[in-house]
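This report refers to the structure that appears directly beneath it.
There are 2 protein chains.
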Amino acid sequence: MEVITRVADLRNRLDKESSVGFVPTMGALHNGHKALIDRARAENRVVVVSIFVNPTQFLEGEDFSKYPRTFDKDREVCRLSGVDYIFLPDVDEVYFSDELSILAPKERGFTLEGFHRIGHFNGMLQIVLKLLNIVQPQNAYFGKKDAQQLALIQQMVKELFLRVNIVPVDIIRDRDGLALSSRNRYLSHSERDRALAIPKSLEIGSKLIMSGERSTSVIINRMLNALQELDIDYVEIVRRDFQNIESVEIGNSIILVAVRVGNTRLIDNMFV
Amino acid sequence: MEVITRVADLRNRLDKESSVGFVPTMGALHNGHKALIDRARAENRVVVVSIFVNPTQFLEGEDFSKYPRTFDKDREVCRLSGVDYIFLPDVDEVYFSDELSILAPKERGFTLEGFHRIGHFNGMLQIVLKLLNIVQPQNAYFGKKDAQQLALIQQMVKELFLRVNIVPVDIIRDRDGLALSSRNRYLSHSERDRALAIPKSLEIGSKLIMSGERSTSVIINRMLNALQELDIDYVEIVRRDFQNIESVEIGNSIILVAVRVGNTRLIDNMFV
């Protein structure tokens, strides 16, 4: 395994490769990332993991400076998972002065996460576009946990005619049901206990659907009830392309939850 | 030569090609375009010309609907120039609903042409990015006449890490000195006569520089004088990266002129 900081060096290594799997991350790797890497390892000859805490997707007042940076541990995770290259660029290696910028889609980019974190998706799309162009992988792996991010990336690939296969990977949960997130480490013991209402609310939603309920407003209300101890940003059920729906479309819907637990913002979802 | 309207068909044809030269156009081909095509023909095994009047780069009130569309003649120009593929997509083939958009660089994208045609470069960059990704050429050819466009495209290629060589091609002029433009056909005889002040003003500027003058304000004033019969949008001298300069840098500067002659807006420039 090699740690590479320069774009030109990475391109040299990958230039003749026709089977590259790419896992873009912001580091602080957990078993959710490991699931992405394992999948990439199984499906490609060469696996590249990028570690880059992208400044342009953090908003004013968010946790950019205190976002966990755990490179020694991350490198070990990558090494043990059979990663070939870690791409670890400086900000100056990928950003320039007076750049063009990407504006997320006016509708789908500014609802839900895009509404609560205005501008977040602009920066996310910008760095993903850069990284996909740098690495030019055949396959790129993204977690379903950031469901709206995943949908926007799939849309970008279509709109900009990028030649990459976007592979969605299922959410990994701790034994108590909480979806893995680099931000879980911010939670105190009691906050973590309260946060378990999130996966429980998703269970409630999915059980209602399994029992035949289709009305999104009925399901959402029952979930809001289960989350009432928390500071709720939104509970929503959308189609997989993030269009609003009044009735659940089985096999094409996502139940989404975003809450604040203390100072920590957590999101979770279930594809139904 | 083949005329192709679908992205998938074009990709099929080009998939195994490693020497593709690309000339994106809005049709209404003249000898300026022919110079781009001839250069592409000389430097690549396969030459693709796209013809697409891109709606997103026309502003409210501009000439999108009346922009000259001369496909039969364009096809003949391409055929006689040895073009392999004309890519002639519908709007729906390259644009989708609720798209992400490109915002041109805040500084360099909103001065000069970007100031007089606010938003123009957003749409231009968007379509060029799409087309470059569709065609994936080794070389793409752009005229120096749209100097700011050229600089912004070169900047985009760098910022987004696109793998294409951007080839700038010199301005082609009519015998009377007027730079070729698809919009010249809008000019009446008397307007065309008056428009000749544009190349004359550039001559005046370049002669001053050759005689040792370096002050951009002195040169600009002399040029403004020569253009006083016309409705001037701007006369400017910038560095090739479009930064402002007070003193001409030989080999790294551009003299730019934008004027309106009747209802027709004309731009011209000289690289010095």
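As you go down the protein sequences, you meet chains A and B in turn.
The first sequence begins at 684 in my numbering and counts up by one.
The second sequence begins at 684 in my numbering and counts up by one.
Every residue, glycine too, gets a C-beta built ideally from N, C-alpha and C.
Is residue j closer than 8 Å to residue i when the C-beta atoms are compared?
i: B/M807; j: B/Q740; result: yes
i: B/E700; j: B/L795; result: no
i: B/G802; j: B/L742; result: yes
i: A/T708; j: A/L771; result: no
i: B/T899; j: B/I855; result: no
i: B/N805; j: B/L786; result: yes
i: B/F747; j: B/V732; result: no
i: B/P738; j: B/V774; result: yes
i: B/L861; j: B/A880; result: no
Count the other CB atoms within 10 Å of the CB of residue i; is the residue buried (16 or more) or exposed (fewer)?
i: B/Q832; result: buried
i: B/H716; result: buried
i: A/L763; result: exposed
i: A/M893; result: exposed
i: B/N952; result: buried
i: A/K890; result: exposed
i: B/N908; result: exposed
i: A/A725; result: exposed
i: B/V931; result: buried
i: B/P788; result: buried
i: B/S784; result: buried
i: A/N904; result: exposed
i: A/F779; result: exposed
i: A/V818; result: buried
i: B/K828; result: buried
i: B/S936; result: buried
i: B/D757; result: buried
i: B/I933; result: exposed
i: B/I846; result: Position check: residue 846 of chain B holds Arg in this sequence, whereas Ile was assumed. B/R846 comes out exposed.
i: A/R858; result: exposed
i: B/E685; result: exposed
i: B/F705; result: buried
i: B/E958; result: With chain B running from 684 to 955 in the structure shown, residue 958 of chain B is simply not present.
i: B/G765; result: exposed
Output, in chain order, the set of chain A residues within a Cβ distance shorter than 8 Å of residue i.
i: B/R923; result: Neighbours of B/R923 on chain A: none; closest Cβ ~15 Å, over 8 Å.
i: B/L964; result: Limits of chain B in this structure are 684 at one end and 955 at the other, which puts residue 964 of chain B out of reach.
What does a CB cutoff of less than 7 Å around residue i pick up in its chain, not counting 5 residues either side in sequence?
i: A/R722; result: Y824, V850, V852
i: A/H713; result: L863, S865
i: A/L814; result: P707, S733
i: A/V901; result: none
i: A/G826; result: G715, L719, V852, I854
i: B/F954; result: K827, I937
i: A/E896; result: I902
i: B/A830; result: I937, L939, N952
Would you mind telling me which residues of chain B sit closer than 7 Å to residue i, beta carbon to beta carbon, in chain order?
i: A/P738; result: Simply none; closest approach about 15 Å.
i: A/P788; result: D781, E782, L783
Ignore the nearest five residues each way along the sequence and tell me which others in residue i's own chain have a CB closer than 6 Å to its CB.
i: B/R800; result: L742
i: B/V624; result: Given a span of 684 to 955 for chain B in the structure shown, any question on residue 624 of chain B remains unanswerable.
i: A/I915; result: V942
i: A/A711; result: P751, T753, S865
i: B/E759; result: none
i: B/C761; result: V732, I769
i: B/I950; result: A941
Leaving out the 5 sequence neighbours to the left and right, which residues in its chain are closer than 8 Å to residue i when beta-carbon positions are compared?
i: A/A834; result: R791, R923, D924, F925
i: B/E776; result: T688, R689, V690
i: A/R694; result: I817
i: A/M906; result: S884, L885, I887, G888, V918, I938, V940
i: A/N848; result: Q821, N822, A823
i: A/V811; result: P707, I836, M839
i: B/E874; result: V944, G945, T947
Could you list which residues in chain A have their beta carbon closer than 7 Å to that of residue i, in chain order?
i: B/I785; result: L783, I785
i: B/E842; result: F779, E782, L783
Against residue i, what residues of chain E qualify as contacts under a CB-to-CB distance less than 7 Å, listed in chain order?
i: A/I817; result: No chain E appears in the structure shown, which is made up of the protein chains A and B.
Name, please, each residue of chain A whose Cβ falls closer than 9 Å to the Cβ of residue i.
i: B/K813; result: E842, L843, F844
i: B/G792; result: D781, L783
i: B/V690; result: F844
i: B/L808; result: L783
What residues from chain B crowd round residue i, counting only those whose CB sits closer than 8 Å?
i: A/L697; result: What A/L697 touches in chain B: nothing, since even the nearest Cβ is about 12 Å away.
i: A/M839; result: L783
- Meets three-Cβ-pair contact criterion under 8 Å: the stretch 751-770 of chain B and the stretch 943-952 of chain A: no
- Query: Should the stretch 838-849 of chain A be regarded as contacting the stretch 861-868 of chain A, the criterion being three or more beta carbon pairs within less than 8 Å?
  - Reply: no
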